[in-house]
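S.K.:
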Amino acid sequence: MPITSEQVAQVVADLYEWSLKKVPNDTQAALREAVPREGNDTGRKTLTIMLKSAEAAERTGGLVCSDVGIPTYSIKIGTRVRFEGPVRQAIVEGFARMAARSDPPILKMVTNPLTHERSHAGKDMPIVTFDLLDEADYVDITCAPKAMGTGRWEALDTFVYPSLETIENYVLDTVVRAGSQPCPPIVVGVGIGGTFDHAARIAKEAVLRPFGQTNPEPTLAAMEGRLLAAINRLGFGPMGTGGDTTAMAVHINYAASHGFVPVAVSLNCWINRRTRARLHADGRVERIE
Numbered sequence: 000m001p002i003t004s005e006q007v008a009q010v011v012a013d014l015y016e017w018s019l020k021k022v023p024n025d026t027q028a029a030l031r032e033a034v035p036r037e038g039n040d041t042g043r044k045t046l047t048i049m050l051k052s053a054e055a056a057e058r059t060g061g062l063v064c065s066d067v068g069i070p071t072y073s074i075k076i077g078t079r080v081r082f083e084g085p086v087r088q089a090i091v092e093g094f095a096r097m098a099a100r101s102d103p104p105i106l107k108m109v110t111n112p113l114t115h116e117r118s119h120a121g122k123d124m125p126i127v128t129f130d131l132l133d134e135a136d137y138v139d140i141t142c143a144p145k146a147m148g149t150g151r152w153e154a155l156d157t158f159v160y161p162s163l164e165t166i167e168n169y170v171l172d173t174v175v176r177a178g179s180q181p182c183p184p185i186v187v188g189v190g191i192g193g194t195f196d197h198a199a200r201i202a203k204e205a206v207l208r209p210f211g212q213t214n215p216e217p218t219l220a221a222m223e224g225r226l227l228a229a230i231n232r233l234g235f236g237p238m239g240t241g242g243d244t245t246a247m248a249v250h251i252n253y254a255a256s257h258g259f260v261p262v263a264v265s266l267n268c269w270i271n272r273r274t275r276a277r278l279h280a281d282g283r284v285e286r287i288e
């Protein structure tokens, strides 16, 4: 059976709404585990407030944060999938549908960079990346709204044959410059290699990785551990109140590249917005935590 435009629009709308009203289960678990480990009293109280906010939003259907970000989707299309109707337009209509029906209403965060006019729509919105899944008969859609706190401090630079130490120092420098602005405890995603645009893409994929999964490459798994420990020694703490919990996870991806090596750093705030679903050819929608 073909996947219809209406099915795509509905899943796109639902994913965005879910991302605004529910902190992922693994993220809530990480916050709970951090409370007894947090040595700073104010930081510990802040973590507790975060958990209560997450629970209240889920219970009442409210927004976890008023900054709903701008719509970004990562879509992987199975090569055995057939579509009926326009797909890109369905994604645009899906987000517009969510913005129109949202209760409570969402603020206009899509901003024209030339005029600073705000709306729920704009050029190239939603931002969508596409990839292929060989032999799959479903479409895998991830929604990850990007808000001001983390979007302002993400960074990318290009090095020539950098050492691992150089890469780690760059990641740490980026986190230090950000300070408490990204609303810690944060998730840090790092993309190493490829080209300028590809490094940013794999950094975004890394930041969305579920907790508990380390990179299968031993060199990068060790780097993830070192960076997480180093970031938590910085002392920013939850929401910048001081303490041991500045980051919940560091996830790193890499790609082959030239002698020039782009390094991108992507960030997610404590809410760690990411929702994912598979739209199967038989019409089933499988939500993936």
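Sequential numbering from 0 applies to the sequence shown in numbering that gives the first Met the number 0. Virtual Cβ for every residue (Gly too), placed ideally from N, Cα, C.
Compare the beta carbon distance of PHE183 and GLY234 with 8 Å and say whether it is the shorter of the two.
M.R.: The sequence shown places Pro at residue 183, not Phe. In this structure, GLY234 does not lie closer than 8 Å to PRO183 by Cβ.
S.K.: Please identify the residue among LEU131, ALA95, ARG100 whose C-alpha is closest to the C-alpha of SER118.
M.R.: Selected option, being the one with the closest Cα: ALA95.
S.K.: Locate the alpha helix (DSSP H) running through VAL264, then write down its first and last residues.
M.R.: No alpha helix (DSSP H) holds VAL264; the beta strand (DSSP E) holding it covers 259–267.
S.K.: Return the first residue and the last residue of the beta strand (DSSP E) that THR274 is part of.
M.R.: Residues 274–279.
S.K.: Would you mind sorting TYR72 into buried or exposed? The rule is 16 or more other CB atoms within 10 Å of its CB.
M.R.: Buried, because 16 or more other Cβ atoms sit within 10 Å of the Cβ of TYR72.
S.K.: Count the other CB atoms within 10 Å of the CB of MET0; is the residue buried (16 or more) or exposed (fewer)?
M.R.: Looking at its Cβ environment, which holds fewer than 16 other Cβ atoms inside 10 Å, MET0 is exposed.
S.K.: Which two residues bound the contiguous beta strand (DSSP E) that contains ALA248?
M.R.: Counting along the chain, the beta strand (DSSP E) containing ALA248 begins and ends at 246–254.
S.K.: Skipping 5 residues on each side, what residues in its chain have a beta carbon closer than 6 Å to that of ALA135?
M.R.: Correct list, in chain order: GLY77.
S.K.: Would you list, in sequence order, the uninterrupted beta strand (DSSP E) runs of no fewer than 3 residues that lie entirely inside the segment 32–107?
M.R.: You should have 71–77.
S.K.: Do ARG277 and ILE287 come within 8 Å of each other at the CB atom, strictly closer than that value?
M.R.: Contact flag set, yes.
S.K.: Anyone know if the C-beta pair for PRO125 and VAL91 falls short of 8 Å?
M.R.: Contact flag set, yes.
S.K.: What is the DSSP secondary structure of ASP133, reduced to helix, strand or coil?
M.R.: Reduced to three states, the DSSP call for ASP133 is coil.
S.K.: For GLU285, which residues of its own chain have a beta-carbon under 7 Å away from its beta-carbon, when the five flanking residues on both sides are left out?
M.R.: Taken in chain order, the residues that qualify are ALA276, ARG277, HIS279.
S.K.: Distance check for ASP25 and GLY193, CA to CA, integer angstroms please.
M.R.: The straight-line gap from Cα to Cα measures roughly 30 Å.
S.K.: Throw me the rounded Cβ distance for the THR244 and GLU37 pair, which I believe falls under 8 Å.
M.R.: 5 Å between Cβ atoms; contact.
S.K.: Measuring CB to CB, does GLU263 end up less than 8 Å from LEU155?
M.R.: Correcting the residue identity first, residue 263 is Ala in this sequence and not Glu. Going by C-beta atoms, ALA263 is nearer than 8 Å to LEU155.
S.K.: What are the uninterrupted segments assigned as beta strand (DSSP E) that are 3 or more residues long and contained completely in the segment 143–212, given in chain order?
M.R.: The qualifying runs are 154–159, 185–192.
S.K.: Starting from ILE287 and walking both ways along the beta strand (DSSP E), at which residues does that stretch end?
M.R.: Where ILE287 is concerned, the enclosing beta strand (DSSP E) stretches over 284–287.
S.K.: Which residue wins for smallest C-alpha separation from PRO70, given the options GLY241, ARG283, VAL187, CYS142?
M.R.: Comparing Cα-Cα distances from PRO70 to each of GLY241, ARG283, VAL187, CYS142, the minimum goes to CYS142.
S.K.: What residues in its chain sit with their C-beta under 6 Å from that of GLY188, if we drop five residues either side in the sequence?
M.R.: Closer than 6 Å at Cβ, skipping near neighbours: ALA202, ALA205, VAL206, HIS250, SER265.
S.K.: Going by C-alpha to C-alpha distance, which of CYS268, THR3, PRO23 sits closest to GLY148?
M.R.: Selected option, being the one with the closest Cα: CYS268.
S.K.: So who's on the other strand from THR240, going by DSSP bridges?
M.R.: Paired residue(s): none; THR240 is not in a bridge.
S.K.: Any idea what DSSP makes of VAL109, helix, strand or coil?
M.R.: Of the three classes helix, strand and coil, the one that applies to VAL109 here is strand, per DSSP.
S.K.: Consider the Cβ of HIS279: report whether some Cβ of chain C lies at a distance smaller than 8 Å.
M.R.: Looking for chain C here will not work: only one protein chain is present.
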